[in-house]
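Chemist:
There are 2 protein chains.
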Amino acid sequence: LLADLALVGFGNVGRRFAGLIEERRGRLAADFDLTLRICGIATRRHGSAWDAGGLDVARAAREVEAGRALTSAAGSADLIAELSRSDAPLRIVVETTTLDIAAGQPAIDHVRAAIDAGCHVVTANKGPVAFAYDELRDRAGAAGVSFLFEGAVMDGIPIFNLVREALPLVDVIGFRGVVNATTNHILSALEDGEAFAPALARMQAAGIAEADASLDLDGWDAAAKTAALANVLMGARMTPHDVDRIGIDEGSGPRAREAVAQGNRLRLVASASRGPDGRVRGLVRPTVLPGGDLLAGLTGQANALVLQTDLLGEIAIGQLGGSLTQTAYALVSDIVTIRTRQPAPAGARARRTL
Amino acid sequence: LLADLALVGFGNVGRRFAGLIEERRGRLAADFDLTLRICGIATRRHGSAWDAGGLDVARAAREVEAGRALTSAAGSADLIAELSRSDAPLRIVVETTTLDIAAGQPAIDHVRAAIDAGCHVVTANKGPVAFAYDELRDRAGAAGVSFLFEGAVMDGIPIFNLVREALPLVDVIGFRGVVNATTNHILSALEDGEAFAPALARMQAAGIAEADASLDLDGWDAAAKTAALANVLMGARMTPHDVDRIGIDEGSGPRAREAVAQGNRLRLVASASRGPDGRVRGLVRPTVLPGGDLLAGLTGQANALVLQTDLLGEIAIGQLGGSLTQTAYALVSDIVTIRTRQPAPAGARARRTL
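Heads up: the protein sequence lines correspond to chains G and X, in order. Heads up: the first sequence at position 111 corresponds to 111 in the working numbering, and the numbers run straight through without jumps. To convert, take the position in the second sequence, counting from 1, and add 1000; that gives the working numbering.
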């Protein structure tokens, strides 16, 4: 089955995604009878490109990395219109723009445009699920297309797939997790005696933290993930601005070292629970955890989430390392989900019957 | 959709399964358009019963718990033959007999009989996957029925579902985990200064350990789980007898306390890896872990597995408590998987589109 793709956003995640589907081309065909063809690329600063017969993506990546603009000047809306005219059996918009913490834009508009054009849409951007999950889910449902976002919260950890496919009949009644890599890296460094400013500078030099790290340090990234998880897993209707949020700062060093001295660990914990009034409350807080807590042992890039469930008690899932490949993989796994939702020819997926 | 069930085995797990599907009857109908009807029960010591119109299962449970025999004397083979004559759209054998570590029997024969009779089969018994996974998978595939076993290894943790449904294109290249509750309970107690014999006696009194605890203590249970995981996730063709196995004993107390004194923890670790010759090697060992290791923090009933993957690095999944309900749930989730593999009417599963 052929799927034509338009990439909206072509930064680190978008380019890694393009590389990954090339690397796994054989497996996609063998395991899922799926061929992916990238026909469009839209960037914020480097123009955009469209070729209904498939773009030379490696060349486009080299152009963008060299700071040159792509051929055509059309924006994302034009690309989506072009994609909607493809006669491939699957038409999928791959949205990888960066998070806007004010209102989740323009990612939400990209998702709406894709759905309204009858295209499936997968995104690694937290904005759409953190700000507008209910609307976009219903809009996609009405249009008969899929809106998926596995990469938005926990890189390669298939948290939404896990709940959707592997935990039928189970209600998530709360969660707590360590979900932001930059702050977790810095807290690990502070525990080792490093000062705040040099630890941050080192993370920025290593490309782990952004030049403007305030989204991470002030807890906004964790708050957006909290809202996304609460909206999807618990039926909350919140935005990141509804999350009660405290980040980390210069004062975190002494607290982190004091915690270690007492056998505990300081971690930036994101959590949600349902109050007696039925409303879901989201919280981001530097939290002192007992040394034996599953979340206490997470250092550096590791992240994990503990789901509180009605039927199974607490279930934990985490990854020991997160990176671009994990986020790009999440987009690929969403595309596989779209594929497996199509009526399958006899014999397909035989390898995965377990 | 109606599914007729025959329960082969009606011990603690089988009876909890029957209770759970009663408790979740509304959700099964609402979320999956699925109605379950238990028509047959076969026990080892208390006879068996069949009613094509559906048994009074609560009454059967009371009979068995009071030590009385069920009405009919037919064995499991007769039940499966009866089930195969049902005209319900789904016919499912629910196998919950206990593990036989010599050869996985008679569970393997039960699974074979179900498949050969054209019935789906779900089991919480490790034997079939630990001793005969390849044969049973191929047999089920040829017969066009499902053979599922989510409850065999990690109670409510959906480890097989996770890999099957949420990790497409990913290869598992190894794993390590804490998978046996009895030994983990005892090691936790030993760390707290309790002696081996009283700790074991306390576990037996609490119903956590069997009267004959040797399967747990000698590492056989962990070895069976290692073989099951390696066979399914890594394509190994091993049995529990191929696993290099050391259990715990009186000498574990001093080692556990010495580990704690040095900031480490002693845990019974089950693992598998592929050697240079391509063969998968399984290992069960009391292992000293650094205090920060994800597996080190597991106490009591908690268990967890770290998967080593080719694409995503290490992924960890665990549960903080395991019990009968979790194992029974795994059987229900397997039945839901069988249901969702059927062509779905339009609109079904809408609640879970995420």
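Every residue gets a Cβ at the ideal spot worked out from N, C-alpha and C, and that includes glycine. Everything numeric in this text was worked out from a predicted model, so none of it was measured.
1. Sorted by chain position, which residues of the same chain lie with C-beta nearer than 6 angstroms to Met-1234(X)'s C-beta, five sequence neighbours on each side aside?
2. For the segment 184 to 216 of chain G, list every residue whose C-beta sits within 7 angstroms of some C-beta in chain X, in sequence order.
3. Tell me, please, whether the CB atom of Pro-1158(X) is closer than 8 angstroms to any CB atom in chain G?
4. In chain order, what residues of the same chain have a beta carbon less than 6 angstroms from the beta carbon of Ser-188(G), not counting five sequence neighbours either side?
5. Just checking, does the segment 1212 to 1229 of chain X make contact with the segment 1258 to 1275 of chain X on the three C-beta pairs under 8 angstroms criterion?
6. With a CB to CB cut of under 8 angstroms and the five nearest residues on each side skipped, what residues in its chain are close to Leu-311(G)?
7. Starting from Gly-313(G), find everything on chain X with Cβ-Cβ shorter than 7 angstroms and list it in chain order.
8. Alpha carbon to alpha carbon, how far is Thr-98(G) from Phe-1010(X)?
9. Beta carbon of Val-1121(X), beta carbon of Ile-1101(X): below 8 angstroms?
10. Going by CA-CA distance only, name the one from Val-336(G), Leu-331(G), Ser-333(G) and Glu-314(G) that's closest to Gln-1326(X).
11. Going along chain G, which residues have a C-beta under 8 angstroms from Ala-1167(X)?
12. Got a sec? Which residues, its chain only, sit under 7 angstroms from Ala-1350(X) by beta carbon, not counting five neighbours each side?
13. Once the 5 residues before and after Pro-158(G) are set aside, which same chain residues still bring their CB inside 7 angstroms of it?
14. Out of curiosity, what's the CA-to-CA distance linking Arg-1015(X) and Asn-1125(X)?
15. Just checking, does the segment 281 to 289 of chain G make contact with the segment 1284 to 1295 of chain X on the three C-beta pairs under 8 angstroms criterion?
16. Return the chain-ordered list of same chain residues with a C-beta closer than 6 angstroms to the C-beta of Asp-1155(X), the five sequence neighbours on each side being excluded.
17. Compare the C-beta of Leu-294(G) with all C-beta atoms of chain X and state if any pair is closer than 8 angstroms.
18. Would a C-beta distance cut-off of 8 angstroms place Ile-38(G) and Gly-54(G) closer than the cut-off?
19. Please classify Ala-1205(X) as buried or exposed, where buried requires at least 16 neighbouring CB atoms within 10 angstroms.
20. Quick check: the Cα distance between Ala-304(G) and Val-243(G), rounded to an integer number of angstroms?
21. Determine the burial state of Asp-4(G): buried for a count of at least 16 other Cβ atoms within 10 Å of its Cβ, exposed for fewer.
22. Name the residue from Ser-1273(X), Gly-1278(X), Leu-1289(X) and Pro-1240(X) whose alpha carbon lies nearest to the alpha carbon of Val-1260(X).
23. So which residues on chain G does Gln-1262(X) lean against when the C-beta distance must stay under 8 angstroms?
24. Quick one: list the residues of chain G neighbouring Gly-1291(X), beta-carbon separation under 9 angstroms, in chain order.
25. Got a sec? Which residues, its chain only, sit under 7 angstroms from Leu-354(G) by beta carbon, not counting five neighbours each side?
26. Rounded to whole angstroms, what is the Cα-Cα separation between Gly-1118(X) and Arg-1341(X)?
27. Could you tell me which of Ile-1246(X), Arg-1255(X) and Pro-1343(X) sits nearest to Leu-1215(X), measuring between CA atoms?
28. Tell me which residues of the segment 1024 to 1040 of chain X have at least one Cβ-Cβ distance to chain G shorter than 8 angstroms, keeping chain order.
29. Can you give, in chain order, each stretch of the alpha helix (DSSP H) that sits fully within the segment 298 to 342 of chain G and has at least 4 residues?
30. To the nearest whole angstrom, what separates the beta carbons of Ser-1072(X) and Ala-1049(X), a pair I think is in contact under 8 angstroms?
31. Pull up the distance between the alpha-carbon of Glu-1082(X) and that of Ala-1113(X), whole angstroms please.
32. Give every residue of the same chain whose Cβ lies closer than 6 angstroms to the Cβ of Arg-1255(X), excluding the five residues on either side of it in the sequence, and list them in chain order.
33. Measuring only between beta-carbons, confirm whether Gly-342(G) sits less than 8 angstroms from chain X.
34. Flag this pair as yes or no: are the beta carbons of Ala-140(G) and Ser-146(G) separated by less than 8 angstroms?
35. Of all the CB atoms in chain X, is at least one closer than 8 angstroms to the CB of Gln-105(G)?
36. Do Leu-1002(X) and Ile-1041(X) count as a contact pair if the criterion is CB distance below 8 angstroms?
Modeler: If we stick to the structure as given:
1. By 1-based counting over the second sequence, the position of residue 1234(X) is 234. Only Val-1172 and Val-1280 meet the Cβ criterion.
2. For the segment 184 to 216 of chain G, the beta-carbon criterion of a distance under 7 angstroms to any beta-carbon of chain X is satisfied by none of its residues.
3. To locate residue 1158(X), count along the second sequence from 1; it is residue 158. Under the 8 angstroms criterion on CB atoms, Pro-1158(X) is classed as interfacial with respect to chain G.
4. As a first step, residue 188(G) must be located in the first sequence, where it is residue number 188. Only Thr-299 and Gly-300 meet the Cβ criterion.
5. In this structure the segment 1212 to 1229 of chain X touches the segment 1258 to 1275 of chain X; the number of beta carbon pairs closer than 8 angstroms is three or more.
6. Along the first sequence, one-based indexing puts residue 311(G) at 311. Shown here for Leu-311(G): same chain residues with a beta carbon closer than 8 angstroms to its own, the five before and five after excluded, namely Leu-169, Val-170 and Asp-171 in chain order.
7. One-based indexing of the first sequence puts residue 313(G) at position 313. Those within 7 angstroms of Gly-313(G) in chain X are Gln-1319, Leu-1320 and Gly-1321.
8. For the purposes of this step, residue 98(G) is taken as residue 98 along the first sequence, with counting starting at 1. For the purposes of this step, residue 1010(X) is taken as residue 10 along the second sequence, with counting starting at 1. Rounded to whole angstroms, Thr-98(G) to Phe-1010(X) spans 54 angstroms at the Cα level.
9. Walking along the second sequence from the start, residue 1121(X) turns up at place 121. Walking along the second sequence from the start, residue 1101(X) turns up at place 101. With respect to Ile-1101(X), Val-1121(X) sits apart: the two C-beta atoms are not nearer than 8 angstroms.
10. The residue given as residue 1326(X) occupies position 326 in the second sequence. It is Glu-314(G) whose Cα lies nearest to the Cα of Gln-1326(X).
11. For the purposes of this step, residue 1167(X) is taken as the residue at position 167 of the second sequence. The amino acid at residue 1167(X) is misidentified as Ala; the sequence shows Leu. Near Leu-1167(X) (Cβ distances below 8 angstroms), the residues of chain G are Pro-158 and Ser-333.
12. Position 350 of the second sequence, counting from 1, holds the residue named residue 1350(X). Here the model assigns Ala-1350(X) a pLDDT of 41, short of 50, so the residue's position is not dependable, and the following value carries that caveat. Only residues of its own chain outside the window of five on either side were considered, and among them none has a CB closer than 7 angstroms to the CB of Ala-1350(X).
13. If you number the first sequence from 1, residue 158(G) lands on position 158. Taken in chain order, the residues that qualify are Glu-150 and Ser-333.
14. Locating residue 1015(X) in the second sequence gives position 15, where the first residue counts as 1. Locating residue 1125(X) in the second sequence gives position 125, where the first residue counts as 1. C-alpha separation (whole angstroms): 15 angstroms.
15. No: fewer than three Cβ pairs fall under 8 angstroms.
16. Indexing the second sequence from 1 puts residue 1155(X) at position 155. Gly-1322, Gln-1326 and Thr-1327.
17. What you label residue 294(G) is simply residue 294 of the first sequence in a count that begins at 1. At least one chain X Cβ lies under 8 angstroms of Leu-294(G).
18. Numbered from its first residue, the first sequence carries residue 38(G) at position 38. Numbered from its first residue, the first sequence carries residue 54(G) at position 54. In this structure, Ile-38(G) lies near Gly-54(G), with their beta-carbon atoms less than 8 angstroms apart.
19. Translated into the one-based positions of the second sequence, residue 1205(X) becomes position 205. Looking at its Cβ environment, which holds fewer than 16 other Cβ atoms inside 10 Å, Ala-1205(X) is exposed.
20. Position 304 of the first sequence, counting from 1, holds the residue named residue 304(G). Position 243 of the first sequence, counting from 1, holds the residue named residue 243(G). When the Cα atoms are used, Ala-304(G) and Val-243(G) turn out to be separated by approximately 19 angstroms.
21. If you number the first sequence from 1, residue 4(G) lands on position 4. Its Cβ being crowded by 16 or more others within 10 Å, Asp-4(G) is buried.
22. On the second sequence, residue 1260(X) is found 260 positions in, with the first residue counted as 1. If we check each option's Cα against that of Val-1260(X), Leu-1289(X) comes out closest.
23. Taking the second sequence and counting its residues from 1, one reaches residue 1262(X) at position 262. Simply none; closest approach about 14 angstroms.
24. Taking the second sequence and counting its residues from 1, the one referred to as residue 1291(X) is at position 291. Within chain G, the residues near Gly-1291(X) are Gly-291, Gly-292 and Gly-297.
25. Residue 354(G) sits at position 354 when you count from the first residue of the first sequence. With a pLDDT of 48 at Leu-354(G), under the threshold of 50, the modelled position of this residue cannot be trusted; read the value that follows with caution. Around Leu-354(G): no qualifying Cβ.
26. As a first step, residue 1118(X) must be located in the second sequence, where it is residue number 118. As a first step, residue 1341(X) must be located in the second sequence, where it is residue number 341. Each residue's alpha carbon lies about 16 angstroms from the other.
27. The residue given as residue 1215(X) occupies position 215 in the second sequence. Scanning Ile-1246(X), Arg-1255(X) and Pro-1343(X) for the CA closest to the CA of Leu-1215(X) turns up Ile-1246(X).
28. Flagged, chain order: Arg-1024, Arg-1027, Leu-1028, Asp-1031 and Phe-1032.
29. You should have 324 to 340.
30. Start at 1 with the first residue of the second sequence, and residue 1072(X) comes out as number 72. Start at 1 with the first residue of the second sequence, and residue 1049(X) comes out as number 49. That pair is a contact at about 5 angstroms.
31. Here residue 1082(X) refers to the residue found at position 82 of the second sequence. Here residue 1113(X) refers to the residue found at position 113 of the second sequence. Glu-1082(X) and Ala-1113(X): Cα-Cα distance of roughly 12 angstroms.
32. On the second sequence, residue 1255(X) is found 255 positions in, with the first residue counted as 1. Leu-1266.
33. Residue mapping note: residue 342(G) aligns to position 342 of the first sequence, counting from 1. For the sequence presented, residue 342(G) should be read as Gln rather than Gly. Not an interface residue.
34. Translated into the one-based positions of the first sequence, residue 140(G) becomes position 140. Translated into the one-based positions of the first sequence, residue 146(G) becomes position 146. Contact flag set, yes.
35. Working through the first sequence from its first residue, we reach residue 105(G) at position 105. Not an interface residue.
36. Numbered from 1 along the second sequence, position 41 holds the residue referred to as residue 1041(X). Numbered from 1 along the second sequence, position 2 holds the residue referred to as residue 1002(X). Taking 8 angstroms as the cut-off, the Cβ atoms of Ile-1041(X) and Leu-1002(X) do not count as close.
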